[in-house]
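Here is the structure we will look at.
Numbering (the UniProt record's numbering), first residue to last: 1 to 304.
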């Protein structure tokens with residue numbers, strides 16, 4: 001009995017010295033098996049680490065896509081749409097200004113033509129005056145015949161050469177020049193409208209070709225000073241109006257001294273006001289009185 005109990009105790013002591021495999025594995029396992037605390041990528045089940053890296057790159061290709069360099073790329077279409085918006089706004093503003101200019105030019109030319117109808121006869125001899133002179137000579141000859149005296153050759157009618165007065169020459173020169181400028185600028189305005197219409201025409205439908213076409217036309221428009229021509233058109237009609245006003249003052253000179261003086265004062269007052277309004281934006285940049293003459297003043301005086 002004693003031998004059996006001693007052998008049983010020896011077996012228990014031997015088992016306590018030998019650890020079971022599962023307990024030994026548990027003691028050797030790391031304290032944290034979370035991937036966040038590991039410096040190495042875990043080996044995937046059923047695949048390799050290289051496979052994971054390749055798939056990750058494929059999944060993130062949308063972050064850095066390859067640029068589309070074709071003629072129908074979306075970037076060209078976006079550029080065409082934005083450029084068209086900007087161009088249409090600019091062309092609409094120019095066309096509106098040209099339409100107003102043509103309307104004013106037509107009315108001004110009609111009024112000026114009416115004044116020219118009244119001024120042109122001053123450049124020609126007065127036929128009624130010649131008839132009056134002839135009747136005077138005939139009456140003198142009849143008096144001589146009735147008195148029985150011989151005819152005097154000096155009494156015979158001799159039409160004299162006609163020389164228009166200086167004021168008439170000045171008035172007609174000013175008014176014809178004004179009419180010429182008005183009609184010439186009207187023709188130029190019509191040409192401008194045709195140029196702007198041609199600028200909007202799109203021959204090709206490929207976005208990239210439309211981009212090149214638009215840029216070529218825009219660069220050409222700037223190179224050939226189309227914006228400057230549009231802005232200086234009103235200046236030409238302003239010059240025509242002032243020429244007409246100067247002629248109007250001269251036309252009143254032989255009629256009435258008081259009327260001539262009044263029109264002269266009004267002319268110089270209006271011209272002075274025009275120059276002041278044109279020059280104010282140069283002194284005060286915030287002044288809204290922008291005008292074509294102000295642009296000319298700025299270009300001429302800025303280098304000085």
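Backbone N, C-alpha and C fix where the C-beta goes; we use that ideal spot for every residue, glycine too.
Inclusion of residue 98 and residue 193 in the CB contact set at 7 Å is warranted, their separation being smaller than that value. Under the three-pair Cβ rule at 8 Å, the stretch 175 to 195 counts as touching the stretch 236 to 249. For the 7 Å CB-CB criterion, residue 90 and residue 196 do not form a contact. With a cutoff of 7 Å on beta-carbon distance, residue 175 and residue 259 are scored as not near each other.
Counting along the chain, the unbroken alpha helix (DSSP H) around residue 77 starts and ends at 74 to 119.
Bounds of the alpha helix (DSSP H) holding residue 215 are 207 to 223. Closest option to residue 231, judged by alpha-carbon separation, among 266, 288, 296 and 301: 296. Taking the CA atoms as reference points, residue 118 sits about 34 Å from residue 278. Contact between the stretch 252 to 271 and the stretch 215 to 232 is not established, with fewer than three Cβ pairs separated by less than 8 Å.
Each residue's CA atom was taken as its position, placing residue 245 and residue 267 some 7 Å apart. With a contact defined as Cβ atoms closer than 8 Å, residue 254 and residue 167 qualify at about 6 Å.
In the same chain as residue 287, and ignoring 5 residues on each side of it, the C-beta atoms closer than 7 Å to its own belong to 280 and 281, in chain order. CA-to-CA, the gap between residue 285 and residue 301 works out to about 15 Å. Secondary structure of residue 199 (DSSP, three-state): helix.
The distance from the Cβ of residue 102 to that of residue 189 is about 5 Å, consistent with a contact at the 8 Å cut-off. Bounds of the alpha helix (DSSP H) holding residue 292 are 292 to 301. For residue 256, there is no enclosing alpha helix (DSSP H), since its DSSP letter is neither H nor E. DSSP, reduced to helix, strand and coil, places residue 274 within a helical segment of the structure shown. Listed in chain order, the non-local C-beta contacts of residue 122 below 6 Å within the same chain comprise 168, local neighbours out to five positions each way being set aside. Contact annotation: residue 211 and residue 94 have beta-carbon atoms that are not nearer than 7 Å. By the neighbour-count criterion, in which 16 or more other beta carbons inside 10 Å mark a residue as buried, residue 228 falls on the exposed side.
Between the alpha carbons of residue 113 and residue 205 lies a gap of roughly 49 Å. By the neighbour-count definition (other C-beta atoms within 10 Å, threshold 16), residue 105 is a buried residue. In this structure, the straight-line span from the alpha carbon of residue 269 to that of residue 214 is close to 47 Å. One Cα belongs to residue 125, the other to residue 177, and the distance between them is close to 23 Å.
The C-beta separation of residue 271 from residue 251 comes to about 18 Å, leaving the pair out of contact by the 8 Å criterion.
Burial state of residue 164 is exposed, judged by a 10 Å Cβ sphere holding fewer than 16 other Cβ atoms.
Annotation: residue 207 to residue 74 spans about 9 Å, alpha carbon to alpha carbon.
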